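In terms of UniProt numbering, the sequence shown is residues 1 to 609.
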Amino acid sequence: MLASLFSPRAETYRAERKFDGAPAMAVVVQVMVDVRRSGVAFTADPATGDTDRVVIEGARGQGEVVVSGAVEPDHYVVAKDDLRILLAHTGNQRFEIVRDTAGGGDKTVELTDLNERVLSDGDVRGIARLAIAAEKHYGRPQDVEWAIDGGQIWLVQARPITTLGPAAATAPGAPLHTGAVLASGLPASPGTATGTVRVLAGPEEGHLLRDGEILVAERTTPDWVPTIRRAVALVTDSGGVTCHAAIVARELGVPCVVGTRTATTDLHSGQVVTVDGGSGRILEGALAQPVHVSEPAPVASALAPTTATKIYVNLAMPDLAEHVAAQPVDGVGLLRAEFLLTRALGGYHPHELISRGEQRTFVDRMADSLSKIAAAFTPRPVIYRATDLRSNEFRALTGGASHEPVEDNPMIGYRGCFRYVREPEMFRLELAALARVRERTPNVHLMIPFVRTRWELEACLELVDASPLGKARGLHRWVMAEVPSVVHWLPEYVGLGIDGVSIGSNDLTQLMLGVDRDSQLCADVFDEADPAVLAAIEQIVRTARAHGITSSLCGQAPSTRPDFAEHLVRMGITSISVNPDAIEQVRTVVAAAERRVLLDAALDRPRAR
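Structure follows, in C-alpha cells:
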C-alpha cells in the first residue's frame, strides 16, 4: 500500500508498503489551506463559448461567496495564447468568510476597503496557467476552483464545463467597452446587453418597442410583461431587487437595473447604451463584443446533489415551464397568478370582462396556461398562488380606473384574501380554472396570499368549498405567510384545514421592519436576515413542524445569501423556492448546510460561526 503526504510548499514525503497479492493503494493527505483569496476560473467563456480566453472571478476569503453569488466578485479575462489581461473589473465585496482561529469553524468579517483589486496581475496570470494546465491534462474545457494562502495558488477542484454558449460573433481581442456611466442603480438581474434605448411612459406604449431594444420606464407592473419579453434589457427609475421588474427580468433572463431614480430623463430614445445588470450601470455606447445572458441551460439532475430539503422554483411564464422543469427542481413552490391573469384578461380589468359575459373565455385561457405548467412538472407539485394584484396595478388595466379605489398605500391595502371575500367573482373564475386543470394533472394546489386574520381566511375557504375545486381529492391548501399576524394565527389556520405555509420573505420583511420593499431610498434598511425577521420565520417553521404541515419560503435571500439558506435548513424548513437562475447554486448550498447539520449532531458540537 502506498501512502503519500505532500504539499506544494514543502518537501514531498513518501512511504510505501505493498502487501503480497494486493493492488497498490494510495492515501493522499494535504494541509488545510488557510484561504485569503479564492474563486473560480473557466478555460472557456461560459457566456460566449469562446475557447481562446480564461475567465476568472475572485473574492477575499473563502470562495463560497463567489459560487453562491453573495457578493459581486472581481472579474478578469485573460487571453489564453499569451496570458494578456484583457479585462480587470473590480467588484463589490462588503464581507468575507474566513477561518475562525479562536473558536474553530468559520466567521464573517466586514470589509471597508471596497475599491482595491483582489488579484494582482501576477496572481491572475498564475491562476490562468493553473487552469490551462488542468484543461490540457483532462483534454477539455474546465471549471476550476482555486484558493490563495499567502503567496501560494492552490488548485482546489476541477470539473468539465458541461454547457457552453454559442461563440461570439465578433473576433477575439476586440476592443473593450470604455463608455461613460450614464446612469446607475441596483443590479437586479445579471447579464450585459447592448441596444437602442426606448423610453416608455406606460404599457399602452408597448407597441413602440422594437425587438432587441432596451426598455426604460419609471416602473413596471404585470401588464408590462409582453413588452419586457421583447426587450434585450430593462431599466427603471424606481424599485428594489424584489420589485416586479426585477422578478420578471430574472425569470426571463433579461439584464435589469432598477432604482436609478433618473434613467427616464438621463437616457433618451434612440440612444445606444450598454446595460450591465451585474454592476447596476448603464454605459454610453456599444460593447465591441456584446454579451447577453439568456435562459439558464438545463442542468442534468443526475449531477445535482440530493437534499432532504426540497428545492422548488418560482415561476410565472408558461413558455418557460418545460425549460425550467428540465432542471433539478422538486416542483413549483410559487406560481404567480398575476402574469397568467393579465394574459387571460387581454389587458382588461376583470370587471370589464365579466360585464361583457366573457367569463368562459377567461377560464379557458387561464386553464390553458396552467395546464402547460402543470404538465411540464407532473407529478411534481405546482403551488398556484391566487391573484394578488394591488389596486394601483389593477387600475393600470383597461377600464381599471372605473373599478379601483385610489389608495395612499396599496401595498397594505385592498388585496389578497380580503379582496376575494369582498369581490368573489374573479376568485370563483380562478377556482374554476384550477378545477379544470386538476382533472388531468392533479399536481396543482392552491395558495391564498396576504392573509391577515382568521375570519377572512375562513370566509375565503368557504368560497373554495362551494366551488368545483372544493370537491377535488388530494387538494392541498396553503397560505402565504407575509403578514406578521400569521405568527399568532397559524395554529388556527391549520385548524381550518390549511396544510401548507409559504413564507413570503419580501413582504414579511417590509411589514416587520416597516420599510417599503420597492423603495430604492430605503434599500439599506430592507434586510431579510434581520434578527426580528429571522425570529418570525423560525417561529412559523416551528409551528408548522409542531402541527405536521409543510413549510416553505420564497424570496430573494436564499438565492444570494448562503448563510440565510443555512438558517432555514437548521430551522427545519421543508422546502425553499427560488428563481430559475439560482436553482443549482441554492441546491448546492442547501446540501452543504445539511451535511454541516449532520456533522455537528454526530460530533455533538456547537454550530460554527
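We put the beta carbon where it would ideally sit given N, CA and C, even for glycine. Keep in mind that this is a model prediction, so the values were computed, not measured.
Review point. Span of the beta strand (DSSP E) holding D149?
Key: 142-149
Practice item. Please work out which residues of its chain come closer than 8 Å, Cβ to Cβ, to T264, disregarding the five sequence neighbours upstream and downstream, and give them in chain order. Key: V199, V216, A217, E218, D237
Check your understanding: Given a threshold of 16 other Cβ atoms within 10 Å of its Cβ, counted over all protein chains shown, does Q157 qualify as buried or as exposed?
Key -> exposed
**Study point:** Whole-number beta carbon distance between R385 and A337, since they are thought to touch under 8 Å
**Key:** 6 Å
**Study point:** N- and C-terminal bounds of the alpha helix (DSSP H) containing W489
**Key:** Its alpha helix (DSSP H) spans residues 486-495.
Check your understanding: Near E538, what residues of its chain come up, given a Cβ to Cβ distance below 6 Å and the 5 sequence neighbours on each side ignored?
Key -> M571
**Study point:** beta strand (DSSP E) runs contained entirely in the stretch 376-456, provided each spans 3 or more residues
**Key:** DSSP runs (the beta strand (DSSP E)) wholly in the stretch 376-456: 382-385, 444-448.
Check your understanding: At which residues does the alpha helix (DSSP H) containing S505 begin and terminate?
Key -> Run containing S505: 505-513, per the alpha helix (DSSP H) assignment.
Check your understanding: Would you report the Cα separation of L164 and G239, rounded to the nearest angstrom?
Key -> With a pLDDT of 48 at L164, under the threshold of 50, the modelled position of this residue cannot be trusted; read the value that follows with caution. Their Cα atoms are separated by approximately 33 Å.
Review point. Among residues of its own chain, excluding the 5 on either side of residue 649, which ones have a beta-carbon nearer than 6 Å to its beta-carbon?
Key: In the structure displayed, the chain extends from 1 to 609; residue 649 sits before or after that span and is not available.
Exercise for review: Please name the residue, chosen from H268, V332, A286, V55, that lies closest to V197 on a Cα-to-Cα basis.
Suggested key: H268
Review point. By Cβ distance below 8 Å, which residues in the same chain neighbour V124 in space, the five residues on each side in sequence not counted?
Key: I56, Y76, V78, I85, A88
**Study point:** Length at least 4, wholly inside the stretch 552-609: the alpha helix (DSSP H) runs in chain order
**Key:** 557-560, 562-571, 583-603
Point to revise | F362 and A344 closer than 8 Å at C-beta | key: Yes, Cβ-Cβ distance for F362 and A344 is below 8 Å.
**Study point:** Within 8 Å, strictly: CB atoms of T387 and E430
**Key:** yes
Check your understanding: Nearest CA to the CA of F377: which residue from R395, G331, H476, R356?
Key -> G331
Check your understanding: Can the beta-carbon of P318 be found closer than 8 Å to that of I354?
Key -> no
Practice item. For the alpha helix (DSSP H) containing I132, list its first residue and its last residue. Key: 121-138
Exercise for review: Assuming A304 contacts E584 (C-beta within less than 8 Å), just tell me the rounded distance between them.
Suggested key: 7 Å
Review point. Between A367, D604, S502, S279, which lies nearest to K310 when the distance is taken from Cα to Cα?
Key: Considering only alpha carbons, the answer is S502.
**Study point:** Three-way DSSP call (helix, strand, coil) for P290 in this model
**Key:** With a pLDDT of 45 at P290, under the threshold of 50, the modelled position of that residue is not reliable, and no figure is offered here.
Check your understanding: Could you give the residue range of the alpha helix (DSSP H) that holds F339?
Key -> 337-345
Practice item. Check the C-beta distance from M447 over to I383 and give it rounded, since I have them as a contact under 8 Å. Key: 5 Å
Review point. According to the Cβ coordinates, are V35 and D211 closer than 8 Å?
Key: no
Check your understanding: What are the residues that DSSP puts in a beta bridge with Q157?
Key -> DSSP output for Q157 lists E145 as bridge partner(s).
Practice item. Measure the C-alpha to C-alpha separation of E135 and D82 and round it to an integer number of angstroms. Key: 16 Å
Practice item. State the Cα-Cα distance for the pair E594 and G202, rounded to the nearest angstrom. Key: 46 Å
Exercise for review: With a 10 Å radius around its C-beta and 16 neighbouring C-beta atoms as the bar for buried, classify M366 as buried or exposed.
Suggested key: Of the other Cβ atoms in all chains shown, 16 or more fall within 10 Å of the Cβ of M366; this residue is therefore buried.
**Study point:** Proximity below 8 Å, CB of L496 to CB of L463
**Key:** no
Exercise for review: Just the C-alpha distance for S551 and G500, rounded to the nearest angstrom, thanks.
Suggested key: 6 Å
Check your understanding: When the Cα atoms are used, what is the spatial distance from A47 to V54?
Key -> At A47 the pLDDT is 48, less than 50, meaning the model places this residue with poor confidence; the figure from the coordinates comes in the next sentence. Cα-Cα distance, rounded: 12 Å.
Exercise for review: Below 7 Å CB to CB, which residues in the same chain sit around E322 once its five sequence neighbours on both sides are set aside?
Suggested key: A376
Point to revise | Cβ-based burial, D604 [other Cβ within 10 Å; buried from 16] | key: exposed
**Study point:** Between the CA atoms of R545 and Q271 - distance to the nearest angstrom
**Key:** 55 Å
Exercise for review: For the beta strand (DSSP E) holding I549, just list the boundary residues, first then last.
Suggested key: Segment: none, I549 is in no beta strand (DSSP E) and carries neither H nor E.
**Study point:** V586 versus G63: straight-line alpha-carbon distance, rounded
**Key:** 15 Å
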